[in-house]
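Below you'll find the structure, written out as structure tokens, and then a few comments.
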Amino acid sequence: MNSEKIKPLQAKYPHEIDIHIGKRVRVRRKILKMNQSEVASLVGVTFQQFQKYEAGTNRISASRLYVLAEILGVAVSFFYEGFNKLRQMFSLPEYENAVAENKKALKNDPMDKKESLELIRLFWRIKSSEKRKKVLEMVAMISSTE
Numbered sequence: 022m023n024s025e026k027i028k029p030l031q032a033k034y035p036h037e038i039d040i041h042i043g044k045r046v047r048v049r050r051k052i053l054k055m056n057q058s059e060v061a062s063l064v065g066v067t068f069q070q071f072q073k074y075e076a077g078t079n080r081i082s083a084s085r086l087y088v089l090a091e092i093l094g095v096a097v098s099f100f101y102e103g104f105n106k107l108r109q110m111f112s113l114p115e116y117e118n119a120v121a122e123n124k125k126a127l128k129n130d131p132m133d134k135k136e137s138l139e140l141i142r143l144f145w146r147i148k149s150s151e152k153r154k155k156v157l158e159m160v161a162m163i164s165s166t167e
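Counting from 1 along the sequence shown, just add 21 to a position and that's the residue number in our numbering.
Printed below as a string of structure tokens:
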């Protein structure tokens, strides 16, 4: 890792990785059809605190992230998936713009759509890996013709 590119976190603003992790927590919770209160109780935080975790406005400690991974049935690395750009931190104005853009993108995220979550739930009910592969091939074929 190139430490010259990494600047200190600004405690005043949510960091991009905190927003990303919160989003991944929310997606996994929804896939499991768990509500925020239920997960908050299992984690040992208030409903409001858990909302802040999902929004990325409060950072999740390493120990809480581990507990969340256990509760949600995933590896801790799941929360970092898709954040393949541990890139340089922005100056404050650039950073505020990046956070605003990220929030806008979250509103249009297909993983937040009910159909996406239902598709994922149904897909993983298929026990046969061969059948899952066929489903993926079919979806790829259909989506390429549209």
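Backbone N, C-alpha and C define an ideal beta-carbon position, used for all residues, glycine too.
**Asked** On the three-state DSSP scale, how would you describe ALA96?
**Response** Reading the sequence shown from its first residue, position 75 is the one you call residue 96. In the structure shown, ALA96 falls within a coil segment according to DSSP collapsed to helix, strand and coil.
**Prompt:** In chain order, what residues of the same chain have a beta carbon less than 6 Å from the beta carbon of ARG45, not counting five sequence neighbours either side?
**Reply:** For the purposes of this step, residue 45 is identified with residue 24 of the sequence shown, where counting begins at 1. Annotation for ARG45: PHE100 place their beta carbon closer than 6 Å to its own, counting only its chain and skipping 5 residues before and after.
**Message:** Once the 5 residues before and after PRO131 are set aside, which same chain residues still bring their CB inside 8 Å of it?
**Reply:** As a first step, residue 131 is located in the sequence shown; it is residue number 110 there, counting from the start. Only SER137 meet the Cβ criterion.
**Message:** If you reduce the DSSP assignment to three classes, tell me which class HIS41 lands in.
**Reply:** Residue 41 sits at position 20 when you count from the first residue of the sequence shown. In the structure shown, HIS41 sits in a helix (DSSP, three-state: H, G or I).
**Request:** Can you give me the Cβ contacts of PHE144 inside the same chain, cut-off strictly under 8 Å, excluding the 5 residues immediately before and after it?
**Result:** For the purposes of this step, residue 144 is identified with residue 123 of the sequence shown, where counting begins at 1. Within the same chain, PHE144 has close Cβ partners ARG153, VAL156.
**Request:** To the nearest angstrom, report how far apart ALA90 and MET162 are at their CA atoms.
**Result:** Numbered from 1 along the sequence shown, position 69 holds the residue referred to as residue 90. Numbered from 1 along the sequence shown, position 141 holds the residue referred to as residue 162. A straight-line Cα-Cα distance of about 34 Å links ALA90 and MET162.
**Request:** Tell me whether LEU93 is buried or exposed, calling it buried when 16 or more other Cβ atoms sit within 10 Å of its Cβ.
**Result:** Looking up residue 93 in the sequence shown gives position 72. With a 10 Å radius around the Cβ and a threshold of 16 neighbouring Cβ atoms, LEU93 comes out buried.
**Prompt:** If you draw a straight line from the alpha carbon of ALA61 to that of SER82, how long is it in whole angstroms?
**Reply:** By one-based count along the sequence shown, residue 61 stands at place 40. By one-based count along the sequence shown, residue 82 stands at place 61. If I take the Cα positions, the gap works out to 14 Å.
**Request:** Enumerate in chain order the residues of its own chain whose CB-to-CB distance from VAL64 is below 8 Å, with the five nearest sequence positions on each side excluded.
**Result:** On the sequence shown, residue 64 is found 43 positions in, with the first residue counted as 1. Excluding the 5 residues flanking it on each side, VAL64 has same chain C-beta neighbours closer than 8 Å at PHE71, ARG85, VAL88, LEU89, ILE92, in chain order.
**Asked** Do we get a CB-CB distance below 8 Å when we pair GLY77 with the residues of chain C?
**Response** In the structure shown, chain C does not exist; there is a single protein chain.
**Local Cβ density within 10 Å of ILE147, reported as buried at 16 or more and exposed below that** = Residue 147 sits at position 126 when you count from the first residue of the sequence shown. ILE147 comes out exposed.
**Message:** Excluding the 5 residues flanking SER164 on each side, which residues of the same chain have their C-beta closer than 8 Å to its C-beta?
**Reply:** The residue labelled residue 164 in the question sits at position 143 within the sequence shown. Its chain contains no residue whose beta carbon lies nearer than 8 Å to that of SER164 once the 5 sequence neighbours on both sides are disregarded.
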